Amino acid sequence: MRFTLMESMCDPSHYQPLAIAAEEASYDGFGLADSIMFPKESDTRYPYLASGDREFIGASPMIEPFILAANLAGATS
């Protein structure tokens, strides 16, 4: 069985240590968010929060995924 750790919208300083820890724990991959944008407003509720709002998105740091992937590739094997 193969396992991938998926992390997104966390503190940017956490990505490299998480990727290194995942590699040390024998995870097979590290997934990255690759959305080019998130809507500020929507007619539908956000399904992953009880409140249904998307306010957390505006406060979350986003790193361009190719830049992040290159950084993590340099920190892992």
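Heads up, the sequence shown is in numbering that gives the first Met the number 0, so the first residue is 0 and it goes up one at a time. Quick reminder that beta carbons are idealized off the backbone N, C-alpha and C, glycines included. Quick caveat: nothing in here was measured; it's all calculated off a predicted structure.
Inclusion of P64 and A18 in the CB contact set at 8 Å is not warranted, their separation being larger than that value. Taking the C-beta atoms as reference points, A21 is found nearer than 8 Å to L4. Among the bridge pairs identified by DSSP, L71 is matched with none.
The segment 51 to 59 makes no contact with the segment 22 to 29, as fewer than three CB pairs between them are under 8 Å.
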